[in-house]
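Data block below; observations after.
In this note's numbering, the protein residues as written are 1184 to 1362.
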């Protein structure tokens, strides 16, 4: 093993890495997220599914995340794809699904970045229709084509000093992507 350092290449900063084979273990570079919230009332008692397009830069993991808020700080469904994060330089599908509690107040969702750089586009929230299919849930600006309207861009910046921009470059569809 080689100790902490910077290799000047694609791996960037690393905590330690094996010198006898490819691969590295990265040091934490913080996290950042973008988020949007919808009212849970019409979704209560159903399963919801979040889909998004995600791609990452070097030394970065990213994912879609979904949380169901309940009253009085009770735990609701939460999945941030921990253990199945995306690390891909091409647009990759991300999906999370879970139950909406009968007393849920909000469904909150978005994109999560651990590392340096990621892009998000084409968020879609769906609710089960009770017959084995899915119906779309109306979202404000799910593809970022109207700038930051409808979302909380930059919420939860963690310790990374992350910044966020909406870009016309590298989108999966439409005119813009969050970067």
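We treat Cβ as the ideally placed atom computed from N, Cα and C, and that holds for glycine.
Since we're looking at a predicted model, the values are computed, not measured.
Check, Outcome
"Spell out the partners DSSP gives residue 1215 in its beta bridges.", "1296"
"Looking only at DSSP bridge pairs, what is residue 1234 linked to?", "1278 and 1307"
"Report, in whole angstroms, the separation of the C-beta atoms of residue 1294 and residue 1260, which I expect to be a contact under 8 Å.", "Not a contact, Cβ separation roughly 18 Å."
"Relative to the alpha-carbon of residue 1239, which residue among 1312, 1310 and 1247 has its alpha-carbon at the smallest distance?", "1247"
"Can you list, in chain order, the residues of its chain whose CB lies under 6 Å from that of residue 1314, leaving out five sequence neighbours each side?", "none"
"Output needed for residue 1268: all residues of its chain with C-beta closer than 6 Å, excluding positions within five of it in sequence on either side, in chain order.", "1244 and 1246"
"Whole angstroms are fine: how far does the CA of residue 1249 sit from the CA of residue 1266?", "15 Å"
"Can you name the start and end residues of the beta strand (DSSP E) that residue 1267 belongs to?", "Looking at the DSSP string, residue 1267 is not in any beta strand (DSSP E), and its letter there is neither H nor E."
"Have a look at residue 1323 and residue 1242 and give me their C-alpha separation to the nearest angstrom.", "31 Å"
"Is the beta carbon of residue 1277 closer than 8 Å to that of residue 1232?", "no"
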